[in-house]
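S.K.: I have a structure here, written as structure tokens, and I will follow up with some questions on it.
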């Protein structure tokens, strides 16, 4: 669940029609996640405020309702004051499965630390309390399986409260889900690994002793970690009291491995399996870069800011490290890609950081790959961008980041065959990467092979249900395949802003809905370029061209698809279309 709202604010945010759940009065939408949608509700019997997690239909179809109820009753045995309880489970009138979870008021642990300006000791003390809670669950043979800052709230008394305890097990047929980092079943050491990642995020390895604790908790092999959460808590207590730890505290450099996982990417097994325990080298930096790009695919601005923060810390720690500058450049480049209003500042700094990386080491493939992406996405200097991508691949023929950026540019230029070939090469090198699988599906989408793209996107979501861009592009495929209901359902799983969602849903529903909403969207426009598709749907080409010309001036990346994106097909017969391509630098290209 996301950070909770106050009881009073919930009453004022309840709008629209909510799903009907027997015995509960729905109040407000709290958020959307990989497993489904979360609502605030009141339990009719007791009047208590609860959180209703409505499970995705594909998950619920594989999870027998009787088994869910049986597993819930097992989880009730935890009955811990700092673990949010699963209160109820059942089925809605339309056949959807739901869980009723204790409602917790308070921010996430990361937000709490920032809001209260906690120093390192305060953060360690708070996480030590989390470790004690997890240890109590381990004593009852219960594994959380999905520990992350978003699943740890801090209540009004300043104590942590853990959410979603055991839900990973509950939704996998009662069998233990696989550990994040290597394919084995979840054990207490799996939770220890995640606790180490959270500690890394909260403290940044503030000193050599904390860095040693983080490294031990996040050791590649489970047998090399703290064997349970209590042992980790004991060493945190020793750190706070100045006593010797149970482990070797000789200082080492912060690894890219810690950065990748602290960015919230423990569910990228291939990234983690291939990251060694040696000091960072370019291939590891590239993996950190690709991992951070996965955040971009989730359309999550808070996580993107977290990625940027981590790479900035790396540059501050290692100002003469080319890999650190290249990592920051890449974080800034996809920050620019995400910004649909004014991306110039992010792209400008990304360009500076990439060039600094090349000054420090002109043989670093990642630096050339990132510079190529900036020259493509912001500067629209296709020839120079292509030269940088090719230089990266000349230095390392297996540079997946270069393949990904190069293919992205080739698609927008209409060179779909070349883009598809590059993506096949990249996927062979990293077959488990969600962002590469997503981009492979974009090739047939831009080629109007919507059924092929649909099937590939379904495969992406089967492996990574949290990939918002996969939901987004799958929604587009359904719309072009004449399935607006399925399209709207998928679009609502993407993490779009309220304004973006309104525009996309209006486009999906067609002319009648678009006509009703277009003027309202234009009146409330806060730099939302997605409105252009509503205008095209209505044949309002004057408005569409005005919006696109503005996007070109502001270098918003949405305009990069104007040559190939099927949503622009309604403009192609307009005499102004060729002029638009010239303004975007996309005319007269092979």
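Residue numbers (this note's numbering): 550 to 1139. Just so you know, even glycine gets a beta-carbon here, dropped at the ideal spot from N, CA and C.
(1) To the nearest angstrom, how far is it from the Cα of residue 1020 to the Cα of residue 593?
(2) Counting along the chain, where does the beta strand (DSSP E) carrying residue 592 start and finish?
(3) Between residue 995 and residue 1114, is the Cβ-Cβ spacing less than 8 Å?
(4) Tell me the rounded alpha-carbon separation between residue 725 and residue 585.
(5) Let me know the secondary structure DSSP gives residue 577 once reduced to three states.
(6) Can you name, in chain order, every residue of its own chain whose Cβ lies under 8 Å from the Cβ of residue 1102, other than the five neighbours on each side?
(7) Between residue 1037 and residue 1045, is the Cβ-Cβ spacing less than 8 Å?
(8) Between 913, 928 and 931, which has its C-alpha nearest residue 947's C-alpha?
(9) Closer than 8 Å is the cut-off here; do at least three beta carbon pairs connect the segment 759-776 with the segment 632-650?
(10) Output the distance between the C-alpha atoms of residue 975 and residue 1042, rounded to the nearest integer angstrom.
(11) So what does residue 602 bridge to, in DSSP terms?
(12) Got a sec? Which residues, its chain only, sit under 6 Å from residue 748 by beta carbon, not counting five neighbours each side?
(13) Are the segment 941-957 and the segment 900-908 touching, with three or more C-beta to C-beta distances below 8 Å?
(14) Does DSSP classify residue 638 as helix, strand or coil?
(15) Look at the alpha carbon of residue 980 and the alpha carbon of residue 1010, and state the distance between them as a whole number of angstroms.
(16) Residue 504 lies in the alpha helix (DSSP H); which residues open and close that run?
(17) Report yes if the CB atom of residue 778 is closer than 8 Å to the CB atom of residue 684, and no otherwise.
(18) Which residues in the same chain as residue 600 place their Cβ atom closer than 6 Å to its Cβ, once the five residues preceding and following it in sequence are excluded?
(19) Should residue 869 be labelled buried (16 or more other beta-carbon atoms within 10 Å of its own) or exposed?
(20) DSSP three-state call for residue 703: helix, strand or coil?
(21) So for residue 914, helix, strand or coil by DSSP?
(22) Taking only three categories from DSSP, how would you classify residue 947?
(23) Tell me the DSSP secondary structure of residue 1080 in three-state form.
(24) Apply the 10 Å Cβ neighbour rule to residue 899 and answer buried if 16 or more other Cβ atoms are within range, or exposed otherwise.
(25) In terms of residues, what are the limits of the alpha helix (DSSP H) holding residue 884?
(26) Leaving out five residues on either side along the sequence, give the residues of the same chain with a beta carbon under 6 Å from the beta carbon of residue 699.
(27) Could you spell out the range, first to last residue, of the beta strand (DSSP E) harbouring residue 710?
(28) Where does residue 657 sit, in a helix, a strand or coil, going by DSSP?
(29) With burial defined as no fewer than 16 other Cβ atoms inside 10 Å of the residue's Cβ, what is the status of residue 720: buried or exposed?
(30) To the nearest angstrom, how far is the alpha carbon of residue 1080 from that of residue 1106?
(31) So residue 1056 and residue 1086 are supposed to be a Cβ contact under 8 Å. How far apart are they, rounded?
M.R.: Concretely, from the data shown:
(1) 34 Å
(2) 585-592
(3) yes
(4) Per-residue confidence for residue 725 stands at a pLDDT of 41, beneath the threshold of 50, marking its modelled position as unreliable; no derived number is given.
(5) strand
(6) Once the five neighbours on either side are set aside, residue 1102 has no close Cβ partner at all.
(7) No, they are not a contact pair.
(8) 913
(9) Not touching, per the Cβ criterion.
(10) In this model, residue 975 and residue 1042 are separated by some 27 Å (Cα to Cα).
(11) 587 and 648
(12) 676 and 763
(13) no
(14) Taken through DSSP and simplified to helix, strand or coil, residue 638 comes out as strand.
(15) 14 Å
(16) Since the displayed the chain opens at 550 and closes at 1139, residue 504 lies outside it and no answer follows.
(17) Going by beta carbons, residue 778 and residue 684 fall inside the 8 Å limit.
(18) 550, 587, 650 and 652
(19) exposed
(20) strand
(21) helix
(22) Residue 947: coil per DSSP, three-state reduction.
(23) helix
(24) By the Cβ neighbour-count rule, residue 899 is buried, with 16 or more other Cβ atoms within 10 Å of its own.
(25) 871-887
(26) 657
(27) 709-711
(28) Shown here, residue 657 sits in a strand according to DSSP, grouped into three states.
(29) Bear in mind that the predicted position of residue 720 carries a pLDDT of just 44, short of 50, making it unreliable; the figure below should be weighed with that in mind. By the 10 Å Cβ count, residue 720 comes out buried.
(30) 15 Å
(31) 5 Å
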